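K.L.:
For reference, each letter of the sequence shown is one residue, going 13 to 184 in our numbering.
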Amino acid sequence: IGSTVVVLLAHEDQCACLWVGDSRIYRLRDGQLEQLTRDHSHVQELVDQGLLSPDEAHRHPLANVITRAVGSSDDLQIDEMTYELQAGDIFLLCSDGLNKAVSDEEIAHLLAHSNDNCQEAVKAFIHLALMRDASDNVTTVVVSISGDRIPSTGEPSDSGIPEDPIPADWYL
């Protein structure tokens with residue numbers, strides 16, 4: 013038995029997404045929702061092979077069977093992708109309990125209408141999933157990238173905040 017995990021690391025104008033299992037990271041950019049992670053699951057492999065449609069995978073009896081998990085093997089493979097950040101990007105990190113209860117269209121709508129209030133967006137996602145009797149745990153984090161978060165030049169900020177406030181030994 014193991015656990016799924018997703019990680020979003022943001023630094024300057026770049027971010028890295030790391031994941032294991034079927035927890036996801038979504039990005040809303042310019043009104044378009046994109047799933048940045050790919051599920052490590054049996055049904056995702058069937059979708060990739062063209063044997064199932066995404067809708068069929070969502071309802072498949074083996075939809076909860078994951079192919080990778082933290083703690084299930086000594087030889088863990090973590091997937092990683094890097095992306096450029098843009099002001100206005102909104103990220104949703106969530107466990108499968110959310111995306112099984114809330115559609116991608118609803119996720120896009122809630123993120124687009126969050127008015128950069130991440131805490132209220134999280135409450136709305138959890139409330140909606142629980143109202144639909146989510147069959148799995150529901151964990152969500154919403155991150156909004158504001159315009160002043162991304163430096164436009166390499167010049168240091170005069171905000172008094174260190175360029176990299178996270179100690180170097182915290183990174184993997």
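Backbone N, C-alpha and C fix where the C-beta goes; we use that ideal spot for every residue, glycine too.
Bear in mind that the values here come from a model prediction, so they are computed numbers and not experimental data.
If you follow the beta strand (DSSP E) that Q47 is in, where does it begin and where does it stop?
P.N.:
Residue 47 sits at position 35 when you count from the first residue of the sequence shown. Taken as a continuous stretch (DSSP letters only), the beta strand (DSSP E) holding Q47 covers Q44 to Q47.
K.L.:
Does the Cβ-Cβ distance between V5 and V32 come in under 7 angstroms?
P.N.:
Past the boundaries of the shown model lies residue 5; the chain is included only from 13 to 184, so the question cannot be answered.
K.L.:
Between which residues of its own chain and L123 is the CB-CB distance below 8 angstroms, once the five residues before and five after are set aside?
P.N.:
For the purposes of this step, residue 123 is identified with residue 111 of the sequence shown, where counting begins at 1. So the list reads Y38, L40, L45, I102, L104, A133 and V154, once near-sequence residues are dropped.
K.L.:
In whole angstroms, give me the CA-to-CA distance for D108 and D51.
P.N.:
In the sequence shown, residue 108 corresponds to position 96, counting from 1. In the sequence shown, residue 51 corresponds to position 39, counting from 1. So the two alpha carbons sit approximately 10 angstroms from each other.
K.L.:
Check each candidate in F137, D145, C130 and D86 and name the one with the smallest Cα separation from I13.
P.N.:
Looking up residue 13 in the sequence shown gives position 1. Cα-wise, what sits closest to I13 is D86.
K.L.:
Please report the distance separating the alpha-carbon of C106 from that of S115.
P.N.:
Counting from 1 along the sequence shown, the entry for residue 106 is found at position 94. Counting from 1 along the sequence shown, the entry for residue 115 is found at position 103. Roughly 13 angstroms between the two C-alpha positions.
K.L.:
State the DSSP-derived secondary structure class of A22, mapped to helix, strand or coil.
P.N.:
Within the sequence shown, residue 22 is the residue found at index 10, counting from 1. Correct three-state label for A22: strand.
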